[in-house]
Structures are given as structure tokens and as C-alpha cells.
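Student: Taken in order, these protein sequences are the chains called F and U. In terms of full-length UniProt numbering, the first sequence opens at residue 1 and continues consecutively. In terms of full-length UniProt numbering, the second sequence opens at residue 1 and continues consecutively. For glycine and all other residues, C-beta sits at the position ideal for the given N, C-alpha and C. What you are looking at is a predicted structure, and each value in this text was computed from that prediction instead of being measured. Sending over a structure as C-alpha cells; questions will come in a sec.
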Amino acid sequence: MPSLSVKSIVNLITAGTKSVDRAIQSTRRGSNKIRPKKSSVADVKIKPSKVTIPLPDECWNLICDNLSSFDQIKLRRVNKQLHGIVEKRLESQIYLDIVKCDTDEILLDEQNQKIIRVYDFHKHRKNNVLLHMSQRNTALIVDDRWSSRDVYCTFGAIQFFSKYAHCITMDVQIAELLIVGCSTLKLSRWHSFECYVNAVGMIAGDELHMKLSKSPPSKSALFSNAKEITIRALITDLSHLSRIPDYSVAVEALFDSNKIELFRINIIDNSTQCRSELGSNVRLIRRPHKHLHIFKKWLNTNELREKYVQQYS
Amino acid sequence: MTATIELESVPFIQKFKLIASDNKTEFIIDEKILNQSAVLKEMMEIQDKSDTEITIPLNQISAECLGNVIKFCKHYEDSEPYLPPIGPTACLSRPSQSHWDMVFLKSLSSKQLFDIINAANFLNISRLIDAGCFRLGYMTENRTVEEIRRIFQESGDFSAVEEEQIRNEPLWN
Numbered sequence: 001m002p003s004l005s006v007k008s009i010v011n012l013i014t015a016g017t018k019s020v021d022r023a024i025q026s027t028r029r030g031s032n033k034i035r036p037k038k039s040s041v042a043d044v045k046i047k048p049s050k051v052t053i054p055l056p057d058e059c060w061n062l063i064c065d066n067l068s069s070f071d072q073i074k075l076r077r078v079n080k081q082l083h084g085i086v087e088k089r090l091e092s093q094i095y096l097d098i099v100k101c102d103t104d105e106i107l108l109d110e111q112n113q114k115i116i117r118v119y120d121f122h123k124h125r126k127n128n129v130l131l132h133m134s135q136r137n138t139a140l141i142v143d144d145r146w147s148s149r150d151v152y153c154t155f156g157a158i159q160f161f162s163k164y165a166h167c168i169t170m171d172v173q174i175a176e177l178l179i180v181g182c183s184t185l186k187l188s189r190w191h192s193f194e195c196y197v198n199a200v201g202m203i204a205g206d207e208l209h210m211k212l213s214k215s216p217p218s219k220s221a222l223f224s225n226a227k228e229i230t231i232r233a234l235i236t237d238l239s240h241l242s243r244i245p246d247y248s249v250a251v252e253a254l255f256d257s258n259k260i261e262l263f264r265i266n267i268i269d270n271s272t273q274c275r276s277e278l279g280s281n282v283r284l285i286r287r288p289h290k291h292l293h294i295f296k297k298w299l300n301t302n303e304l305r306e307k308y309v310q311q312y313s
Numbered sequence: 001m002t003a004t005i006e007l008e009s010v011p012f013i014q015k016f017k018l019i020a021s022d023n024k025t026e027f028i029i030d031e032k033i034l035n036q037s038a039v040l041k042e043m044m045e046i047q048d049k050s051d052t053e054i055t056i057p058l059n060q061i062s063a064e065c066l067g068n069v070i071k072f073c074k075h076y077e078d079s080e081p082y083l084p085p086i087g088p089t090a091c092l093s094r095p096s097q098s099h100w101d102m103v104f105l106k107s108l109s110s111k112q113l114f115d116i117i118n119a120a121n122f123l124n125i126s127r128l129i130d131a132g133c134f135r136l137g138y139m140t141e142n143r144t145v146e147e148i149r150r151i152f153q154e155s156g157d158f159s160a161v162e163e164e165q166i167r168n169e170p171l172w173n
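Structure follows, in C-alpha cells:
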């Protein structure tokens, strides 16, 4: 199945936030945050420490700059001072990108090694999940051959970052995973179902559904601060959208309709590549608008009105 | 005329006496070392330099720590002025574990390391601040929370409720 290239993913992740990052960098340039402003010795005071790690926040921030995202998050649990420092850094992570692709391609490709160094992806110590955090942007990449553990890890990571994110972009498979995570269905069971759907192939898998009758107890929205949500889908992956209503999860579990300003479906047309792979069988694939129609009904686009956008690329 | 030429050819070396917090231990340093501290450099720019030896009391820095700071600065007395790494690729400038800075800081205990970073921050010695933070980064990376607490002799100051809240967060990392 055709997929997005690594380079385009990295571009997608960083696009839109570059200007913000650049602006931040330019404000930082020339004045290091640790260094005191022009002052005499008498003005400079070492902060009194409440704990046995007597370093000012500025120093810990510099240390965090050079730690992996996973290590930074771990530091939150050491003491209150570090909790506050890391929490402040996390609060600035307003962009969240979640991508499902071949992580090996990112990790092993010699050319892309440069990209990793620049964008600083860190691999989870146990699972096939990569994490990147810049000043404003968090990118989470999960392997397209995800295991049950990867699925749990990804959902946990999204739950963790969800409260900070204002602009969320995710692949359609991730959108389905999130809804399942909010449902009464076990993620491991859904993962088995997902493997089965992939095994039967694109045409038969297009019609497979696992309906749940039991709704989960209502909780606050997963992306409680979301203003902009974008779901990225290849035209051949739209069946994930039509499966979303099957899990009996209300749309309110995903975002707060009072806060949302834009809900975008970005459909990437790969039908030409698909035609060459499937030949005449391509006509057996359900027409995209049918999947979209089911999803839009669940999303209640009538109420979202102009906040709902369908984009083709 | 001849006398003037002779006077100009003899380099005038300004000496500075740093006094540690115990008010007893003194360190005589020259301008090359002093200039690595932005605070002291700035101070001396507005100071009358007529004396051959200027005394600077540093009540906040212990003798042991000041000795370590001077040892570090002495190593770089003939080096180019330090420019701190900035920008998105700043993390690429991290020195290797075998770099002199890291070896020097590795020889210090955790307390000495914190003291030297605080002193560097107080005196605004960019190179030492960065080196100390890089060293601390090496000490914390890939460690568990318990290991970090053990290294820094930190018991954690969360209340029972906060500890419980943190424990209940989704386990994914």
C-alpha cells in the first residue's frame, strides 16, 4: 500500500510550526536564558533551594534541552521543582502530530539519519514508538506494523500529551485507535481485529466492522483544549473513518465542541497508485464518500457547520 | 623617548585576588581567567585599575568550589572566547564523555558538581555552566526516577496525594 514518504512526514510535522520556532529562536538569540542580565555581583543571587538538588530552574531548563523527550518526562517524577519545570515545557507543546509509518525507515535510512539528528527523534526503550519534542511541537510516530504493546504505548502517550495540545494532526488509523481507547473495547482485542482486517486485504477488509453496543461512561474530552483537529487519510484508508461510529463513543469524548474551531479531514488521493496495484479490483473498494458520509453523521457536521472542512491533496 | 619605549615593551599584568567565603582562602588570578566570568569582567570594566592587585570578595562561593572554578578556567585561559550553542541544533554540540570538561566534572562529587554549576551561574561563566549542565544531562539520561533520586540524594518532596496522582498517570514511557 502506498504510504507517505518519511521526508514528507517530517515536513508535515514541522510545517506550520517552523515560523513559530524561528520566532522563538530569534528572541533567544544573543541572550542566553541562564546568563544574568547586565548586573553587578550584588544583584545576582542564587535561588534558595527547598530540596537537595540546589540548582536554579534556568540550569535545569538547559539540562532538559539536552535530554531526550522521554528523559524529560521522567524528570517530572523526581521532585516538585523538576515537575514544575517540565510541566511548563509541556504546556508550550501546543502542536501534536501523530503519524503511523515505518519507523525503521526513519531510523535506518542513511539519508534520513540527518533528519533525525536535526529533528531529534527519540525511540521508546521498549516499543516501536518515536517521540520528538521541539519548543512548540510534539511528534509521535508509531510503527505501521504495530504490536499490541505499541498500541497501548501510543494511546498512553496520546492521553499524556492530549491535555497540552491545541492543534492536533493525526493519521486516520490513529483516530480509530483513539476512539477505541475511549470505548469499552480492550485495545488488545481491537489490535487483533485490525491485524485480521489487514490480513484479509483491502477489498474484504473495507467492509469489516466490529460493532459495540455498550457505551463508555462519559468523561471529559480527550483533547480538552483542542482548537484544531486534522485527520490525514489516504483515499484507500477511509474505511477507518466509517468504523469509528461502531465503537459507541460519542464525539464529545474526542473534543469539546465549544472550543473546537476547525475539524479538518485531509484526504490524500492515492487512487492512481492503487489502481496499478489492484488492477480491475479497484472498483470493488467502497466509494470514498460512503465512508465519509458515515463518519460525518457521527461527527455531527451539521452542528459543526463551517468548522468542518474536507480537504483533498 | 627611549624610556617610554621601554615602559611600553614591558607588559603590564593585572592581577586579581579572589577571596572565598571563608574570608581566608585567596586565589591570585590574571585577566585571562577573570575575563571568562562575564560578571567579574563587567565589574572590572567600571573599576579603577590603578592598583596592581584588585581584591574581589566572593562570599557566596566556598574555597573548594572556587578552586575548582579557577582550575576549569585556567584550562581555557588561552582559548578563544566561548560562544554558547544556540538554535535548534544546539544539542548537537554536546561534548563526548571523554572530553576534558566531562572528565574534569566527572571527578567531582554530586555536591561539588552542583556547587560549581551554581558558582558558574553566579559568576556567569558560560562555558562552565554549559559543561556542568551537559555533565548533569549525562548523569540523568536513561535512568529511572529512583536512580536519579539516588544520584542526587533526593528523596522527593511530593505529598502522598501527589505521589498517588503521578503513579496513576498512564504508564507509557
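Measuring CB to CB, does methionine 139(U) end up less than 8 Å from isoleucine 151(U)?
Tutor: Cβ atoms of methionine 139(U) and isoleucine 151(U): closer than 8 Å.
Student: Beta-carbon separation of threonine 154(F) and leucine 140(F) under 8 Å?
Tutor: Result yes, Cβ atoms of threonine 154(F) and leucine 140(F) sit closer than 8 Å.
Student: For a contact defined as C-beta to C-beta under 9 Å, what are the partners of cysteine 73(U) on chain B?
Tutor: Considering every chain present, this structure includes no chain B. Its protein chains are F and U.
Student: To which residues of the same chain is proline 57(U) closer than 6 Å at the C-beta, ignoring the five residues directly before and after it?
Tutor: Cβ neighbours of proline 57(U) beyond the five flanking positions: Ile19.
Student: Helix, strand or coil: how does DSSP classify tyrosine 82(U) here?
Tutor: Tyrosine 82(U): coil per DSSP, three-state reduction.
Student: Do you know how far the Cα of glutamate 77(U) is from the Cα of leucine 34(U)?
Tutor: Their Cα atoms are separated by approximately 9 Å.
Student: For threonine 136(F), does the three-state DSSP call read helix, strand or coil?
Tutor: Reading the sequence as shown, one finds arginine at residue 136(F) and not threonine. Of the three classes helix, strand and coil, the one that applies to arginine 136(F) here is coil, per DSSP.
Student: Take serine 183(F) as the anchor and find which of Glu252(F), Ile231(F), His122(F), Val200(F) has the nearest alpha-carbon.
Tutor: Comparing Cα-Cα distances from serine 183(F) to each of Glu252(F), Ile231(F), His122(F), Val200(F), the minimum goes to Glu252(F).
Student: Spatial neighbours of leucine 105(U) within its chain, please: C-beta separation below 7 Å, excluding the five flanking residues on both sides.
Tutor: Excluding residues within five positions, the ones whose Cβ falls inside 7 Å are Leu113, Ala131, Gly132, Arg135.
Student: Near aspartate 157(U), what residues of its chain come up, given a Cβ to Cβ distance below 7 Å and the 5 sequence neighbours on each side ignored?
Tutor: Cβ within range, chain order: n/a, list empty.
Student: According to DSSP, is tyrosine 308(F) helix, strand or coil?
Tutor: Here tyrosine 308(F) sits in strand by DSSP.
Student: Inspect the beta-carbon positions of glutamine 60(U) and phenylalanine 16(U) and report whether they are closer than 8 Å.
Tutor: Not a contact, by the Cβ cut-off of 8 Å.
Student: By a C-beta neighbour count over all protein chains shown, 10 Å radius and 16 as the cutoff for buried, is threonine 138(F) buried or exposed?
Tutor: Threonine 138(F) is buried by the Cβ-count criterion.
Student: Taking the CB atoms as reference points, tell me whether isoleucine 235(F) and proline 288(F) lie closer together than 8 Å.
Tutor: A contact, by the Cβ cut-off of 8 Å.
Student: Does the beta carbon of glycine 156(F) sit closer than 8 Å to a beta carbon anywhere in chain U?
Tutor: So, interface residue.
Student: Taking the C-alpha atoms as reference points, what is the distance between isoleucine 148(U) and methionine 210(F)?
Tutor: Taking the straight line joining both Cα atoms gives about 45 Å.
Student: Can you name the residues that DSSP bridges to methionine 170(F)?
Tutor: In the DSSP output, where bridge partners are listed per residue, methionine 170(F) has Ile98(F), Ile231(F).
Student: To the nearest angstrom, how far is it from the Cα of lysine 32(U) to the Cα of glutamine 47(U)?
Tutor: Taking the straight line joining both Cα atoms gives about 17 Å.
Student: Closer than 8 Å, CB to CB, is isoleucine 106(F) near chain U or not?
Tutor: False, the Cβ-Cβ gap to chain U never drops below 8 Å.
Student: Look up leucine 262(F) in the DSSP assignment and say whether it is helix, strand or coil.
Tutor: It is a strand residue.
Student: Tell me, to the nearest whole angstrom, how far the beta carbon of arginine 232(F) is from that of asparagine 270(F); I am working on the premise that it is less than 8 Å.
Tutor: Wrong, their Cβ atoms sit about 12 Å apart, outside the cutoff.
Student: Which residues, in chain order, does the UniProt domain "SKP1 component POZ" (15-77) of chain U contribute to contact with chain F at a C-beta distance below 7 Å?
Tutor: Within the UniProt domain "SKP1 component POZ" (15-77) of chain U, the qualifying residues are Ala38, Val39, Glu42, Met43, Gln60.
Student: Runs of 4 residues minimum, wholly inside the UniProt domain "SKP1 component dimerisation" (127-170) of chain U: which ones carry the alpha helix (DSSP H) assignment?
Tutor: The UniProt domain "SKP1 component dimerisation" (127-170) of chain U contains these whole alpha helix (DSSP H) runs: 145-151, 160-168.
Student: Would you please state the rounded distance, in angstroms, between the beta carbons of glutamine 93(F) and phenylalanine 161(F)? I believe it to be under 8 Å.
Tutor: With a Cβ gap of about 7 Å, glutamine 93(F) and phenylalanine 161(F) count as contacting.
Student: Quick check for students: name the residue ranges of the alpha helix (DSSP H) that lie wholly in the segment 202-256 of chain F, counting only runs of 4 or more.
Tutor: Entirely contained in the segment 202-256 of chain F, the alpha helix (DSSP H) runs reaching 4 residues are, in chain order, 202-205, 239-243.
Student: Excluding the five sequence neighbours on either side, which residues of its own chain have a C-beta within less than 8 Å of the C-beta of isoleucine 260(F), listed in chain order?
Tutor: These residues qualify, in order along the chain: Ala226, Lys227, Glu228, Ile229, Leu304, Lys307.
Student: Thinking C-beta only, is leucine 75(F) closer than 8 Å to tyrosine 164(F)?
Tutor: No, the pair does not count as a contact, with Cβ atoms beyond the cut-off.
Student: With DSSP collapsed to three states, give me the class of phenylalanine 27(U).
Tutor: DSSP places phenylalanine 27(U) in strand when its eight states are reduced to three.
Student: Go through its chain and collect everything with a Cβ distance to serine 257(F)'s Cβ below 6 Å, but skip five positions before and after it.
Tutor: Around serine 257(F): no qualifying Cβ.
Student: For glutamate 141(U), which residues in chain F fall below 8 Å Cβ to Cβ?
Tutor: Within 8 Å Cβ-Cβ: Leu67, Ser68, Asp71.
Student: With a threshold of 16 other CB atoms inside 10 Å of the CB of histidine 291(F), please say whether the residue is buried or exposed.
Tutor: With 16 or more other Cβ atoms within 10 Å, it is buried.
Student: For arginine 35(F), I'd like the list of residues in its chain whose CB is within less than 7 Å of its CB, leaving aside the five on either flank, ordered along the chain.
Tutor: A caution first: arginine 35(F) carries a pLDDT of 43, below 50, which makes its placement in the model too unreliable to give a value.
Student: Indicate whether at least one CB of chain U lies closer than 8 Å to the CB of lysine 123(F).
Tutor: It does not: the Cβ of lysine 123(F) has no partner Cβ on chain U nearer than 8 Å.
Student: Determine whether the Cβ of tryptophan 100(U) lies closer than 8 Å to any Cβ atom of chain F.
Tutor: Not one chain F Cβ lies under 8 Å of tryptophan 100(U).
Student: So if I threshold CB-CB distances at 7 Å, which residues from the segment 104-129 of chain U count as touching chain F?
Tutor: Hits within the stretch, in order: Phe114, Ile117, Asn118, Asn121, Phe122, Asn124, Ser126, Ile129.
Student: Flag leucine 62(F) as yes if its beta-carbon sits less than 8 Å from any beta-carbon of chain U, otherwise no.
Tutor: Closer than 8 Å: yes.
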